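Trainee: Each residue of the sequence shown is one higher than the last, beginning at 111 in the numbering used here. Where a beta carbon is used, it is the ideal one built from N, C-alpha and C, also for glycine. Source: prediction; values computed, not measured. Take a look at the following structure, please.
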Amino acid sequence: MPLVILAALLILVVIVAAGVLMSTLRDDGVKDRRRELDNLAMTLAEQTARAFQSLQIVQEDIIDHIQTQKLSNREELAAQMGTQAVHQLMHEKISGLPYLDAITLIDDSGRLINFSRYWPIPAVNVADRDYFSSLSTMRGPPVFISEPVTNRSTGSVTIYLAHRFTTPEGAFLGLVLGAMEQSYFEHFYSTIRLGNEGLIALVRADGAVLARSPAGTGAAPSGDAVRERVARLLFGPGFTGQLPAGTFDDKSRIAAVRPIAGLPLAIAVTDGTASVAAVMWGRLMPIAVAAGFICLTIGLVSYSLVRHVNDERAFADAQHAAARRDPLTHLTNRLGFAEQIENLVGGPAPAQPFALLFLDLDYFKAVNDTLGHNLGDAMLVRVSERIRRWLPPGDTVARLGGDEFAILSRGVTDDAAALDFAQSIIELLREPYLIDNHRLLGGCSIGIALSPRDGTNVVSLLKNADLALYRAKGDGRGVARVFQEEMERNARELRALELDLQTAWKDGQLHLAYQPIFEAESGALAGFEALARWHHPQRGMVPADVFIALAEETGLILPLGAWALKEACRAATQWPSHLFVAVNLSPIQFRGAQAFHQVRAALDASGLAPERLEIEITESTLLLEGPMVRATLDQFREEGITITLDDFGTGYSSLRYLKMLRIGRIKVDRSFVEEVEHSAQSRAIVEAITSLARTLSLRCTGEGIETEAQRRIMTEQGCSHLQGYLLGRPGTAEEALRLARATVA
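Structure below.
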C-alpha cells in the first residue's frame with residue numbers, strides 16, 4: 111500500500127508539474143509573440159513618425175515664411191503667397207518626399223491660395239472639410255489629421271495633415287495642408303509578414319482607422335460605437351494587449367500598440383488569438399506525451415524516499431548560492447563561474463569542449479561617468495536581462511565585475527562557431543537602451559578562449575580569454591576575437607608601442623596627410639580632409655586606428671589633436687580661398703573646454719577664416735558626451751565653423767540631432783558605398799540619406815569611392831561631394847598644395 115500511495119503521489123506531481131510547465135510555456139509563448147509584435151510596433155511607429163515629421167518640417171518652414179511677413183488678412187495672404195514663385199517653392203519642398211501628394215495653402219474662408227500640384231490654382235473651397243472646421247475655430251491643437259478621404263482632384267484616398275497659422279494678433283488666417291497617400295502606409299505595412307491572421311492598423315486617437323494592412327481582413331466593423339471602443343481599448347489606461355472580436359474584424363486578437371511621437375496617432379500590430387494558440391499547442395503536445403510516458407514508468411517502479419534535515423540543507427544551499435551570485439544582476443559571479451569551469455575541466459573524465467567568452471561593454475564608462483552610477487547600474491541590469499533571455503539552454507552567463515561579463519557555451523567548439531555566436535551577442539547588445547528618458551548606446555567587445563585547445567585549467571582559460579578581449583578592444587568597438595598564441599606576445603608589443611608613440615610624439619615622427627574632396631557634379635576640387643599618419647622607424651606605417659586608440663588611452667590625444675588642428679589650418683592658408691580643410695576630433699577633446707580652445711588657437715595662429723574649417727565628429731560622440739558636446743558645437747557655429755557628422759547611417763542617424771545641432775554636412779559611411787553597386791538595401795539607405803540631406807539643405811559627402819560605378823551611383827543619388835582612392839589618395843602637404851594651386855592655374 112505505501113508504494114501504491116507513493117506512486118500515485120508521484121504521478122500526481124508529474125501531472126501537476128506538466129500542467130504548470132505547459133501553462134508557463136504557453137504564457138511565455140504568448141509573451142514572446144507580444145514582444146515580437148511590440149518590437150514591430152516600435153519600428154513601424156518610428157518610421158511612420160518620420161514620414162509625418164518630414165511633412166511637418168515642410169509645413170513649419172512655410173508658416174515661418176508667412177509669419178515673417180506679418181500678414182493680417184486674406185487679401186495680404188493672397189497677394190504675398192498666391193504667386194507662381196511660392197507655388198514653385200512649395201513644389202520643390204516636397205519633391206524629395208515621394209509619399210507626399212501635395213502641399214496646399216488655404217485662407218480663412220477655405221479658398222485655395224496656392225497649390226503645389228497645379229498652376230494656376232483651381233477655384234476650390236474646402237470649408238466643408240473636417241480639418242478646416244476643426245482648426246478654424248481656434249480651439250484645440252494647431253494640427254489636425256483627417257480621416258482618409260477621396261481627393262477631389264486625383265480620386266486617390268488621402269490622409270490630410272493640416273497646420274493652422276494666425277495673424278500677428280492671433281486671429282485665424284488659414285492653414286497649410288499636406289496630403290499623404292493612404293496607399294503609401296498600406297503598402298509599407300503590407301511588407302511586414304505577420305502570418306495568416308496578422309493585421310497592422312494606423313489609428314487616430316478617436317478610434318478612426320486611417321490605414322490598415324491587409325486592407326480587407328475579415329469584416330471591418332464600423333460606426334461611432336465601434337470607434338469609441340477602439341479608442342478606449344488602444345488609447346485608454348490599462349491596455350491589456352488583448353482586443354475582443356469586433357475591434358478590427360471578427361477575430362479576437364493579441365496586440366501591441368505604440369504611439370506616434372508628437373501626434374494623436376498610434377500603430378497597432380496584432381495577431382489572431384486562434385493563430386497564436388495553434389502555434390502554442392504544437393509546441394506543448396510533446397510535453398503532454400512525455401508526461402504520460404513518465405507517469406507510465408512511475409507506475410511500474412516503486413522506491414522509497416528518505417528525507418534528512420531539510421531546513422539545514424536549504425539554509426546551507428542558500429548560503430552557498432548567495433556567495434556565488436552577483437547582487438546587482440542576480441547572475442553567477444566570478445567565484446561561481448570559476449567553479450563551473452573547474453567542474454568541467456577538473457574532473458577525472460576528459461573535459462567536453464566548450465567556449466569561454468569575455469564581454470566588455472563598449473560605452474559603459476562614458477555612461478557611468480557622465481550620467482551617474484545609478485543609471486550605469488540600471489544599464490548593467492538591462493544587459494544581463496538581454497543576454498539571459500537570449501542564451502541557449504545549458505549555457506551560463508556571469509558578471510565578473512564592473513562592465514565585464516562572461517559566457518560559458520557548451521555548444522560552441524570551433525573558431526567559426528565561436529565567432530558566429532559572439533557576433534549574435536554583439537548584435538543583441540548593440541540595440542540602444544531607453545532608461546529614465548536617456549537613450550543609451552549599446553555594444554560590446556568579446557574575447558574567446560576554447561577548451562581544451564586554449565587551456566585545460568581555470569587560470570589559463572580566464573587569462574587567454576582576457577587576452578583575446580584585449581585584442582578585440584584594440585581592433586575597435588563591436589569586435590570579437592578568438593585567442594591565438596601570438597596574442598600574449600602582441601600584448602607585450604602593444605605596451606612597447608605605447609612607449610614608442612610617446613617617443614614618436616617627441617621626435618616628430620607624426621605627420622598629416624591630406625585627401626582631396628571633390629564636387630560630385632563638376633568634379634572640381636572642394637577641399638581636403640587632414641589625416642594623422644605615423645611612420646615608425648622600424649615598423650613602418652602604423653595604422654591610424656591603432657595609434658589613435660593608444661593616444662586616447664594615454665591622454666596623448668589632447669596635444670596630438672591640438673597639433674593636427676594647427677598643422678591643418680596652417681596648410682589650408684596656402685591653398686586658394688575657396689577650399690576648405692576637414693579635421694576629425696576625438697570625443698576626448700570635447701571634455702572640459704579642450705575642443706573649442708584648441709580650434710580657436712589653431713585659427714588664431716594660422717589666420718585661417720573659420721568658414722574654411724570643417725570639424726568632423728561621429729554620432730557616438732554626441733551620444734556619449736551629451737550636453738558638453740552640444741555646447742561646444744554651438745560655439746563652433748557662432749564662429750562660422752561647419753560641423754560634419756561622420757559615418758552617417760551606421761549609428762542612430764537621429765533627425766533630432768541634425769535639426770537641433772544644425773549640422774552642415776553628413777558623410778555617407780564607406781560601408782554603404784562599398785556595397786552600393788550590388789546591394790539594393792545599401793542603395794536604398796544611400797538614397798534615403800541623400801534625400802534627407804536635400805530636404806534639410808545639407809551637404810552630403812560619399813566617402814570611400816574606389817570604382818567608377820560607385821562614383822556614378824553616388825552622384826546620381828544626389829551626393830554633393832565625393833572622396834576616395836578613385837579620386838585621390840591622401841598625400842603630403844606639398845602634394846596637396848600643388849593640387850590646390852592647379853585648380854586655379
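Check the C-beta distance from A803 over to A398 and give it rounded, since I have them as a contact under 8 Å.
Mentor: For this step, residue 803 is matched to residue 693 along the sequence shown. For this step, residue 398 is matched to residue 288 along the sequence shown. Wrong, their Cβ atoms sit about 58 Å apart, outside the cutoff.
Trainee: Below 8 Å on the Cβ atoms is my guess for I545 versus A590; work out the distance and round it to an integer in Å.
Mentor: As a first step, residue 545 is located in the sequence shown; it is residue number 435 there, counting from the start. As a first step, residue 590 is located in the sequence shown; it is residue number 480 there, counting from the start. So it is not a contact: roughly 25 Å between Cβ atoms.
Trainee: Which of helix, strand or coil does DSSP assign to S133?
Mentor: Residue mapping note: residue 133 aligns to position 23 of the sequence shown, counting from 1. The answer is helix: DSSP assigns S133 an H, G or I state.
Trainee: Ignore the nearest five residues each way along the sequence and tell me which others in N600's own chain have a CB closer than 8 Å to its CB.
Mentor: Stepping through the sequence shown from its first residue, residue 600 is reached at position 490. So the qualifying residues of the chain are R581.
Trainee: Cα-Cα, which of C810, P347, L343 and R145 is closest to T357?
Mentor: Along the sequence shown, one-based indexing puts residue 357 at 247. It is L343 whose Cα lies nearest to the Cα of T357.
Trainee: Leaving out five residues on either side along the sequence, give the residues of the same chain with a beta carbon under 7 Å from the beta carbon of P112.
Mentor: In the sequence shown, counting from the first residue as 1, residue 112 sits at position 2. Taken in chain order, the list of residues that qualify is empty.
Trainee: V592 and D525 - do their beta-carbons sit closer together than 8 Å?
Mentor: Counted from its first residue, the sequence shown places residue 525 at position 415. Counted from its first residue, the sequence shown places residue 592 at position 482. Yes, Cβ-Cβ distance for D525 and V592 is below 8 Å.
Trainee: Under DSSP, the beta strand (DSSP E) around L806 begins and ends at which residues?
Mentor: The count along the sequence shown starts at 1 and reaches residue 806 at position 696. DSSP places L806 outside any beta strand (DSSP E), giving it a letter other than H or E.
Trainee: Taking all protein chains shown into account, do 16 or more other C-beta atoms lie within 10 angstroms of the C-beta of K361, making it buried, or fewer, making it exposed?
Mentor: Position 251 of the sequence shown, counted from the start, is the residue given in the question as residue 361. K361 is buried by the Cβ-count criterion.
Trainee: Hey, is the segment 503-520 in contact with the segment 462-469, meaning 3+ C-beta pairs nearer than 8 Å?
Mentor: yes
Trainee: Just tell me which of T247, H483 and V313 has its CA closest to the CA of T158.
Mentor: Residue mapping note: residue 158 aligns to position 48 of the sequence shown, counting from 1. The residue with the shortest Cα to Cα distance from T158 is V313.
Trainee: So what's K583 in DSSP terms, helix, strand or just coil?
Mentor: Residue numbering aside, residue 583 sits at position 473 when the sequence shown is read from its first letter. In this structure, K583 counts as helix in the three-state DSSP scheme.
Trainee: In angstroms with no decimal places, state the Cα-to-Cα distance between G382 and A151.
Mentor: Numbered from 1 along the sequence shown, position 272 holds the residue referred to as residue 382. Numbered from 1 along the sequence shown, position 41 holds the residue referred to as residue 151. Going by the C-alpha atoms only, they are around 16 Å apart.
Trainee: Does DSSP classify H175 as helix, strand or coil?
Mentor: What you label residue 175 is simply residue 65 of the sequence shown in a count that begins at 1. Per DSSP, reduced to three states, the secondary structure at H175 is helical.
Trainee: First and last residue of the alpha helix (DSSP H) that includes N484?
Mentor: Translated into positions along the sequence shown, residue 484 becomes position 374. Per DSSP, N484 belongs to the alpha helix (DSSP H) from H483 to W500.
Trainee: Specify the secondary structure class of H440 as computed by DSSP and reduced to three states.
Mentor: By one-based count along the sequence shown, residue 440 stands at place 330. Three-state result, H440: coil.
Trainee: Could you give the first and the last residue of the continuous beta strand (DSSP E) run that contains K777?
Mentor: Along the sequence shown, one-based indexing puts residue 777 at 667. From DSSP, the beta strand (DSSP E) with K777 extends over R775 to V778.
Trainee: Would DSSP call Q625 helix, strand or coil?
Mentor: Within the sequence shown, residue 625 is the residue found at index 515, counting from 1. Note: Q625 maps to strand in three-state DSSP.
Trainee: In terms of residue numbering, what span does the alpha helix (DSSP H) encompassing I727 cover?
Mentor: Sequence index remark: in the sequence shown, residue 727 carries index 617 (1-based). If you look at I727, you'll find it isn't in any alpha helix (DSSP H); it sits in the beta strand (DSSP E) that goes L723 to T728.
Trainee: Please state if the CB of M824 and the CB of G812 are separated by a distance shorter than 8 Å.
Mentor: The count along the sequence shown starts at 1 and reaches residue 812 at position 702. The count along the sequence shown starts at 1 and reaches residue 824 at position 714. Yes, these two residues count as a Cβ contact at 8 Å.
Trainee: Cα separation between V140 and E537?
Mentor: The residue given as residue 140 occupies position 30 in the sequence shown. The residue given as residue 537 occupies position 427 in the sequence shown. When rounded, the distance between both Cα atoms is 24 Å.
Trainee: Quick check on G828: does DSSP put it in helix, strand or coil?
Mentor: The count along the sequence shown starts at 1 and reaches residue 828 at position 718. G828: coil per DSSP, three-state reduction.
Trainee: What did DSSP end up calling Q352 once you bin it into helix, strand or coil?
Mentor: By 1-based counting over the sequence shown, the position of residue 352 is 242. In the structure shown, Q352 sits in a strand (DSSP, three-state: E or B).
Trainee: The alpha helix (DSSP H) that contains N600, what's its start and end?
Mentor: Position 490 of the sequence shown, counting from 1, holds the residue named residue 600. Where N600 is concerned, the enclosing alpha helix (DSSP H) stretches over E596 to D617.
Trainee: So, using beta-carbon positions, are A850 and L635 closer together than 8 Å?
Mentor: Counted from its first residue, the sequence shown places residue 850 at position 740. Counted from its first residue, the sequence shown places residue 635 at position 525. Yes, the Cβ-Cβ distance between A850 and L635 is below 8 Å.
Trainee: Give me the Cα-Cα distance between E338 and L768, rounded to the nearest whole angstrom.
Mentor: Counted from its first residue, the sequence shown places residue 338 at position 228. Counted from its first residue, the sequence shown places residue 768 at position 658. If you take the alpha carbons of E338 and L768, they lie about 39 Å apart.
Trainee: Buried or exposed, going by whether 16 or more other CB atoms sit within 10 Å of the CB of Y624?
Mentor: Residue mapping note: residue 624 aligns to position 514 of the sequence shown, counting from 1. Buried: at least 16 other Cβ atoms inside 10 Å.
Trainee: Please determine if the segment 740-750 and the segment 705-712 are in contact, where contact requires at least 3 C-beta pairs separated by less than 8 Å.
Mentor: yes
Trainee: Can you give the beta carbon distance from L771 to E729, rounded, assuming they're within the 8 Å contact cut?
Mentor: For the purposes of this step, residue 771 is taken as residue 661 along the sequence shown, with counting starting at 1. For the purposes of this step, residue 729 is taken as residue 619 along the sequence shown, with counting starting at 1. Between E729 and L771 the Cβ distance is about 11 Å, and since that is not below 8 Å, they are no contact.
Trainee: Output yes or no for whether 8 Å exceeds the beta carbon distance between G317 and S385.
Mentor: Against the sequence shown, residue 317 aligns to sequence position 207. Against the sequence shown, residue 385 aligns to sequence position 275. Not in contact: G317 and S385 (Cβ atoms no closer than 8 Å).
Trainee: Count the other C-beta atoms from every protein chain shown that fall within 10 angstroms of the C-beta of H483, then say buried if there are 16 or more, exposed otherwise.
Mentor: One-based indexing of the sequence shown puts residue 483 at position 373. Answer is exposed; the Cβ neighbour count stays below 16.
Trainee: I think L199 touches Q190, with their Cβ atoms under 8 Å apart; what is that distance to the nearest whole Å?
Mentor: Counting from 1 along the sequence shown, the entry for residue 199 is found at position 89. Counting from 1 along the sequence shown, the entry for residue 190 is found at position 80. The Cβ separation is near 12 Å, so there is no contact.
Trainee: Going by DSSP, name the residue or residues bridged to P669.
Mentor: Here residue 669 refers to the residue found at position 559 of the sequence shown. None, per the DSSP bridge assignment.
Trainee: Taking the C-alpha atoms as reference points, what is the distance between G774 and L572?
Mentor: Taking the sequence shown and counting its residues from 1, one reaches residue 774 at position 664. Taking the sequence shown and counting its residues from 1, one reaches residue 572 at position 462. If I take the Cα positions, the gap works out to 48 Å.
Trainee: Around the Cβ of W500, are there at least 16 other Cβ atoms within 10 angstroms (buried) or fewer (exposed)?
Mentor: Residue 500 sits at position 390 when you count from the first residue of the sequence shown. It counts as exposed.
Trainee: Using the Cα positions of G586 and A528, report the straight-line distance between them to the nearest angstrom.
Mentor: Taking the sequence shown and counting its residues from 1, one reaches residue 586 at position 476. Taking the sequence shown and counting its residues from 1, one reaches residue 528 at position 418. In a straight line, the C-alpha of G586 is about 19 Å away from that of A528.
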